[in-house]
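J.: As numbered in our numbering, the sequence shown has no gaps in its residue numbers, which increase by one up to the final residue, 318. Even for Gly, the Cβ is constructed at its ideal location relative to N, Cα and C. Sharing a structure below in structure tokens format, with a few things to ask.
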Amino acid sequence: MGTRFGKNYPAHPILGARRQERERVMLVASAGLAFFLLIITLIVFNFKEDAIAAKVSSNDAIIDTPAAVGTVTLFVPLSSVRPGTKLSQVRFQKVYWPSRDVPPNAIRDLAEIRDKYAKVELPARMPVQRTSLTNEPVGVELPLTPGHRAVTIRVDEVSSLEGHALPGTRVDVALTYVEEGNLTTKVIVQNARVISYGGSTESYAERARSRAAAGSRRRATRVSRTITLDVPPKDALTIQTAKELGKLSLLMRAESDVASIPVDEIGKAEINKNTHHKKKVSPSCSRGQIRIGAREYMVDCSGRLHELDSYEP
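Written out as structure tokens, the structure reads:
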């Protein structure tokens with residue numbers, strides 16, 4: 006019952022229904038808000054757990070093994086690091102190294118190398134030394150033999166021997182071209198050393214060690230489009246000229262086969278030079294045969310003589 010000016014009145018039915026509706030809406034809204042907050046809390050909690058796990062995984066820190074007596078904490082890369090690599094992009098592992106075997110200038114705090122670059126190749130799972138680092142990016146220098154030249158050729162899956170012509174291997178360079186209407190292949194350079202494959206200077210053994218250190222499975226070598234060779238200057242000129250004459254391909258040599266036939270300076274005329282041989286003739290018509298001394302000749306319709314030894318019917 007309602008009270009107004011000291012008098013009792015019954016509660017209005019419409020006002021009571023509206024109040025109940027508001028309470029019902031507020032109850033539903035409160036339940037929805039509580040559910041939403043619960044979901045947000047779970048998401049944040051899972052995100053923090055993933056972040057912590059990722060941080061531990063990326064650093065690969067050894068946190069469950071106490072440092073042994075007489076050891077020093079050092080950091081080693083999980084795989085070999087190429088020269089010029091920024092070390093903030095490299096995964097390191099914390100290890101306990103015997104104090105008596107610690108290399109000079111070994112890095113003991115990752116903060117020291119965060120913005121540095123590898124000056125030389127850093128072996129996998131070996132302590133990093135300050136002398137191997139630089140503050141500025143460095144270009145990768147090809148392992149070129151003094152006095153030689155580096156020359157790059159385009160290759161495909163076939164001409165690069167299915168990707169097996171990796172740095173350190175030795176190959177012959179063959180030229181396939183059309184000579185006077187005949188398809189010809191000839192070796193133009195012998196015993197060339199591969200020093201780069203698709204921009205990488207890693208040999209097959211180095212790639213295998215990197216995969217083993219990283220714990221990855223063996224995978225087929227990615228076929229590249231370019232190969233750089235270490236050759237004498239004359240061979241470099243030969244290859245540069247041959248690029249304009251036809252298609253170049255590689256012939257793999259055995260590791261112990263290093264013998265090479267000396268090659269002089271070669272230009273287009275010498276590359277196109279025919280192998281000397283006696284051409285055979287086949288006259289379209291003949292008037293008969295004639296013997297002169299101990300030799301027999303065929304007389305063609307124009308009266309010219311053709312020795313029977315070179316006649317091809």
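In whole angstroms, what is the alpha-carbon distance linking threonine 206 and histidine 169?
T.: Approximately 13 Å between the Cα atoms of the pair.
J.: Rounded to the nearest angstrom, how far is the Cβ of serine 84 from that of alanine 129, given a contact under 8 Å?
T.: Contact flag correct, Cβ pair sits at about 5 Å.
J.: Does the stretch 101 to 121 come within contact of the stretch 187 to 204, defined as at least 3 CB pairs closer than 8 Å?
T.: No, the stretch 101 to 121 does not touch the stretch 187 to 204.
J.: Going by DSSP, what residues sit across from serine 84 in a beta bridge?
T.: In the DSSP output, where bridge partners are listed per residue, serine 84 has none listed.
J.: Closest to glutamate 126 by CA distance: which of Cys306, Pro82, Ser254 is it?
T.: Checked all of Cys306, Pro82, Ser254; the closest Cα to glutamate 126 is Pro82.
J.: Out of Ala34, Arg230, Pro238, which has the shortest C-alpha to C-alpha gap to valine 163?
T.: Answer by Cα proximity: Arg230.
J.: Going by alpha carbons, who is nearest to aspartate 240 out of Phe41, Asp177, Glu141?
T.: Taking only the C-alpha atoms, the option nearest aspartate 240 is Asp177.
J.: Taking 7 Å as the limit between beta carbons, can you name the residues of its chain near lysine 258, skipping five residues before and five after?
T.: Strictly speaking, residue 258 in this sequence is arginine, with lysine absent from that position. Around arginine 258: Arg175, Val176, Asp177, Asn196.
J.: For aspartate 235, which of helix, strand or coil comes out of DSSP?
T.: In this structure, aspartate 235 counts as strand in the three-state DSSP scheme.
J.: From leucine 92 to valine 133, what does the alpha carbon distance come to, in whole angstroms?
T.: When rounded, the distance between both Cα atoms is 11 Å.
J.: How big is the Cα-Cα spacing for glutamine 245 and lysine 191?
T.: Computed Cα separation, rounded: 15 Å.
J.: Tell me, please, which residues DSSP counts as bridged to threonine 189.
T.: Answer is Tyr182.
J.: Closest by CA to glutamate 249, which one among Ala39, Phe80, Leu234, Val183?
T.: Looking at the Cα atoms, Val183 is the closest of the given residues.
J.: Secondary structure at leucine 313, three-state DSSP: helix, strand or coil?
T.: Helix, per DSSP.
J.: Around the C-beta of isoleucine 193, are 16 or more other C-beta atoms found within 10 angstroms, so that it is buried, or is it exposed?
T.: It is buried - the Cβ of isoleucine 193 has at least 16 other Cβ atoms within 10 Å.
J.: Which residues in the same chain have their Cβ closer than 6 Å to the Cβ of valine 77, if we skip the five residues on either side of it in sequence?
T.: Trp102, Ser104, Val107, listed in sequence order.
J.: Helix, strand or coil: which one does DSSP assign to asparagine 196?
T.: Reduced to three states, the DSSP call for asparagine 196 is strand.
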